[in-house]
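Chains A and B, in that order, give the protein sequences. With the working numbering applied, the first sequence covers 10 to 896. With the working numbering applied, the second sequence covers 1100 to 1202. Have a look at the structure below, then the notes.
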Amino acid sequence: MPGTEQLERRALKELDHEPSKGEVSPRAKYLREMYFDSKSSVSMEFPYWYTRRWNELDGELTIIRKAEALKTAFSHLTPTIFPKETLVGGRTIYLRGSFPMPWVLRSYYLKDQEEYKKAKFAGKVADEAVKVAEGGGNVTSAAGNVSSVSGKFGLRAEEVPIFEKTAGDWTGRSVEDVALIHERDVPRHEEKVAIMRNLVCMYDSGYTNPQGREVVSYYYPLQYGIDGIIKEAQKKIEEIAGIAGEDPIVGIERLYFYKAIKTTLEGIKKWLLNYAEEARRLASTEEDEVQKSEYKELRDRLEYISSGPPRTFQDALQLVWIFHLAIMAEDTFSGLAPGRLGQVLYPWWEVDMRHGRIDPRKTVELLECMRVKFTEIDFFGSKKVIEGIQAGSTFNHVCLGGLTRDGRAAANELERYIIEAGVSCQTPQPTLTVLYDELLPEDLLLKAIDSDKTGVGYPAWVNNRVAIEYLMKNYAEEGLTIEEARAVSIGGCLQTNASTWMPIKLDGKDYEIPCGAQFASDVGVHFLNLPKLLLLALFDGVDPRSGERIFPSHGQQLSSYDEVWNAFKLYFDRTVDVLIRCNNIQHDVWRKMNPPVVNSLMKADAFSSGKDLGRMGAKYNSSFSINITGGVNLVNSLASIKLNVYDRHSFSLEDLKKALLGNFGYRKAEEVNSYSLFDQVRESHEWDAIHRLCLHAPKFGNDDPYVDGIFKQFQEFFRGEAHGHRSMFNRPLTALQLSVTTHGPLGAVTIATPDGRLEGTTFADASVSAFPGTDISGPYALFSSATCFDHSDFQCTQLNMKIHPTAVRGREGSKKFLELVRAYMRRGGFHIQFNIVDSKMLRDAQAHPENYRTLMIRVAGFTHYWVELPKPIQDEIIARTEYEGVA
Amino acid sequence: MEQEPRLRCYDCIHLAPLDVFKGVCHISKNTVLADDDACVEFEPVPKCRFCSEYRPISGESFLGTCGPRVPTYPDLVAKTCDSFRWREGLPLALKPGGSRRHH
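Given below as structure tokens:
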């Protein structure tokens, strides 16, 4: 029997127990160090070969031309293999490389200033509002032989002329160029231009980010292998060539689709064989016997999977990786999610375990190496997209848990190792999310909690029940059943994706894996600047920042709160109406000029139907949406106006407008280089009284029915607006709400707002997070506010919380933490994510970034390196309310 | 025979490029700057400018053609190009297997 002292010691140890970060394997540590040491780099190899082949095929059908261009580009990419790599393949010759795709979008990196000015005049340039992070892997200025592009990417002097030439080659024939010609036929197009120029909306998704925020189906490569798919495509060709079938419009086109798939796969096969050849070459010069033998193993594996289906877990992982890269090579992608990868790869892992070919240590090491690989992905784009929307993240989301087709907990042992690898090898990608269901085993949930407690920011928590309800509401008309809805996963940072189950036969056993089955999400109208729309209502259609008239007068006297609300609704509707019509044209031009080939293979049911994703080849297509930013600032502002101007008559609307124009007497955020309400400098006391009343008006996040009622009213209006407009697929839009990082740049271009927020400061993050510092009634009050409406009517309702590490200390803390998550899920909250971090440390990290290269932080649906976040977002995260207790 | 050029790691087959500035040397296993002078282990990586098909464009330092018409650029790595042929008359050090070690 242990003595009292021993028991006390054990109890104290238990109380203080903190999850270990684990020891990263030496291999992954070496590879991750290489990543830390690498800068974002542009290579012109892929666009050069793509453009060269495209130009040779003038007159050919577009989809065949594209497939040939892809094949040529894949076949010619220089394979780079780094020492100790067991999982190989990159987007470019560089470890952290990316490349432009001028066939989609080209205006933003033109050297020609006149053309840049024209683009600006057309309302396409928002770069001025975007701050680029200066640390980490960003190349923010030219140095030696290297120029900086978009303030982030390095480009060698030797490649600058071909970079400019290739961009110029696509003049007049990029998706962007052609779409912008045809969208001019939309009535009120000049209004659209003014909307974009004044950043009432952040970007045109049809040519900026036409695909992504979606879940991949790795089914065909995993089950058939490359040669198997080529054989299947050939069978299809023989079956349907010249036969219209049931659809006389696209029936014959199926032939070209299958030919395009075959051609592209030949390119991917050659790509793998080039890597195999490089591994062979390295083996021939390597003197270290262990490394030599690893190169030989690599060569054998790559050669094998260039034709056959995977035999082992490592084969499967390598094949998944190469196809993941291949999808991203065909379009300006972001947010391509591997989905429920632990369940997708489980059959191969289970067979390896059964045959003694793998053990837990090797499993975790491979998963760590996979993490480093996903983190190496970079996405080339304009400042507006890369920093303004994504803050450099690429959103390769992996989900854990959820349910099986027949409603049992789907969690498996491999998913536990995925969490372990995420803890021992902390990297931003792939980010992790638990698809929370009451049936999930407690040990998995506590393992996930322990991961959160290390401060890494993952996993996030998504309510599986709400996600399934959302899918049933939006996809049942397309045939989605409850069994299929259970295959749900998250694409992008938080987009619920309709998925399906696919059969896998391996080692004499039958399995079923969840696979992506829907068109891209987060496409449509993105991101609407809600506080600015309210200001436009208050200033009768004129943007008070630029002085430019955007809308005609709304004709309301604004003599009552209802008139303010009606004016806001009117402008919201006008904005959505003109933008979705333009966006539908953009996306239509995209599908005609850049039909998705690789991604169509990787999505149920495009391959079986013979239709690419642009022709509704995916099983589910109701994924276009309206996305909003600054919803909480809008609602807090409406509450302030209602209370102060109309209920209590504390001041007049005219006085409020003057105070807003005077920034409540403060200097602008940019002048003081602070983008939260901290550290602001007051110049005048003229507006103090009004500002105080605005700040003290009810704020969302405190379970206050006055403001929560307005919040709910807005949500109902928003849902109705979305459902009242239609996508190019003639499906209703969905109402989507998450800011990613747009709350930074959109706040930067918006004057002070009636909630007391100052000009240029960052809006509230996410969609149901309180404005930093205004949630003063504890976490459960915040939960009540956040769940005052039905989350299953919306995409992506998102809640970010910052908790001080001491609040969840020890085993007891872990249990309380899990109960906190459960409480939110049980109230119907869709998503919650945490930063378990001390704000003082963040301030130190801001002051001394050189000491924090590896510090990661949760932003909005993703984790990223602190030093690679723009300052306005860093300021907002520091300012977020830090909860010191969770009970 | 052309003049012996300055040899950089940037042109060496042993360089695994990490980024536009540097890479890992497969021989020494160290990180080296791409623009550093090459060591005795240097072996040229096939690039368009070492190819018999490459033709420079007058007045352009970094643009040329592949054959008479098809545009290309001199530093495009041509390891995977089936048409690549080492150009006649290259300096010794830029010939395959022609590192300074073998001089």
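Here a beta-carbon is modelled for each residue, glycine too, at the ideal position from N, C-alpha and C. Here the structure is a predicted model, which means the values were calculated and not measured.
Would you say residue i and residue j are within 8 Å of each other, going by their C-beta atoms?
i	j	result
leucine 86 of chain A	lysine 382 of chain A	no
phenylalanine 389 of chain A	serine 107 of chain A	yes
proline 714 of chain A	asparagine 642 of chain A	no
methionine 511 of chain A	alanine 613 of chain A	yes
glycine 753 of chain A	proline 858 of chain A	no
methionine 625 of chain A	phenylalanine 738 of chain A	yes
asparagine 538 of chain A	glycine 639 of chain A	yes
alanine 288 of chain A	lysine 301 of chain A	no
leucine 412 of chain A	leucine 448 of chain A	yes
isoleucine 650 of chain A	asparagine 711 of chain A	no
Can you name the residues of chain B whose CB is closer than 8 Å to the CB of residue i?
i	result
glutamate 275 of chain A	Ordered by position in chain B, no residue passes the 8 Å Cβ test against glutamate 275 of chain A, which lies about 14 Å from the chain.
glycine 153 of chain A	Phe1120, Asp1134
leucine 164 of chain A	Val1119
leucine 901 of chain A	It is not possible to answer for residue 901 of chain A, since the shown part of chain A is limited to 10 through 896.
For a cutoff of 8 Å on Cβ pairs, would you count residue i as touching chain A?
i	result
aspartate 1134 of chain B	yes
cysteine 1111 of chain B	no
alanine 1115 of chain B	yes
valine 1123 of chain B	yes
histidine 1201 of chain B	With a pLDDT of only 42 at histidine 1201 of chain B, under 50, the local geometry of the prediction cannot be trusted, and the value read off the model is given with reservation. No, no contact with chain A.
glutamate 1103 of chain B	no
Mark residue i as exposed unless 16 or more other C-beta atoms lie within 10 angstroms of its C-beta, in which case mark it buried.
i	result
threonine 890 of chain A	buried
threonine 505 of chain A	buried
glycine 181 of chain A	exposed
aspartate 121 of chain A	Unreliable placement is indicated for aspartate 121 of chain A, whose pLDDT of 44 sits below 50; no coordinate value is reported for it.
glutamate 663 of chain A	exposed
leucine 350 of chain A	buried
histidine 705 of chain A	exposed
glycine 99 of chain A	buried
leucine 544 of chain A	buried
proline 347 of chain A	buried
proline 196 of chain A	exposed
Check whether the Cβ of residue i lies closer than 8 Å to any Cβ atom in chain B.
i	result
methionine 43 of chain A	yes
glutamate 167 of chain A	yes
tyrosine 304 of chain A	no
lysine 161 of chain A	no
glutamate 844 of chain A	Reading the sequence as shown, one finds asparagine at residue 844 of chain A and not glutamate. No, because no Cβ of chain B sits closer than 8 Å to the Cβ of asparagine 844 of chain A.
leucine 104 of chain A	yes
lysine 301 of chain A	no
lysine 278 of chain A	no
lysine 174 of chain A	yes
asparagine 147 of chain A	no
threonine 180 of chain A	no
threonine 863 of chain A	no
threonine 403 of chain A	no
threonine 294 of chain A	yes
Taking Cβ-Cβ distances shorter than 7 Å, what residues in chain B pair up with residue i?
i	result
proline 437 of chain A	Those do not exist, as proline 437 of chain A stays about 18 Å from chain B at its closest Cβ, beyond 7 Å.
Name the chain A residues whose beta carbon is nearer than 7 Å to that of residue i?
i	result
cysteine 1180 of chain B	His85
lysine 1128 of chain B	Pro92
So which residues on chain A does residue i lean against when the C-beta distance must stay under 9 Å?
i	result
phenylalanine 1149 of chain B	Ordered by position in chain A, no residue passes the 9 Å Cβ test against phenylalanine 1149 of chain B, which lies about 14 Å from the chain.
Can you list the residues of chain B that residue i reaches, using a CB-CB cut of under 9 Å?
i	result
aspartate 5 of chain A	Residue 5 of chain A is absent from the model: chain A starts at 10 and stops at 896.
proline 109 of chain A	What proline 109 of chain A touches in chain B: nothing, since even the nearest Cβ is about 15 Å away.
proline 170 of chain A	Glu1159, Ser1160, Phe1161, Leu1162, Tyr1172
asparagine 283 of chain A	Lys1178, Thr1179
threonine 440 of chain A	Here the premise fails: no neighbours, minimum Cβ distance about 24 Å.
threonine 384 of chain A	Here the premise fails: no neighbours, minimum Cβ distance about 14 Å.
For the region 48-64 of chain A, which residues have a CB atom closer than 8 Å to at least one CB atom of chain B, in sequence order? Those would be Lys48, Ser49, Ser50, Val51, Met53, Glu54, Tyr57, Arg61, in chain order.
Going along the chain, which residues of the region 70-95 of chain A sit with their C-beta nearer than 8 Å to a C-beta in chain B? Within the region 70-95 of chain A, the residues whose Cβ lies closer than 8 Å to any Cβ of chain B are, in chain order, Ser84, His85, Leu86, Thr87, Pro88, Thr89, Ile90, Phe91, Pro92.
Members of the region 1151-1178 of chain B that neighbour chain A once the beta carbon cut-off is set at 9 Å: Taking 9 Å as the cut-off between beta carbons, the residues of the region 1151-1178 of chain B near chain A are Glu1159, Ser1160, Phe1161, Leu1162, Cys1165, Val1169, Pro1170, Thr1171, Tyr1172, Pro1173, Asp1174, Leu1175, Val1176, Ala1177, Lys1178, in sequence order.
Could you name the residues of the region 797-812 of chain A whose beta carbon sits closer than 7 Å to any beta carbon of chain B, in the order they occur along the chain? Flagged: no residues at all.
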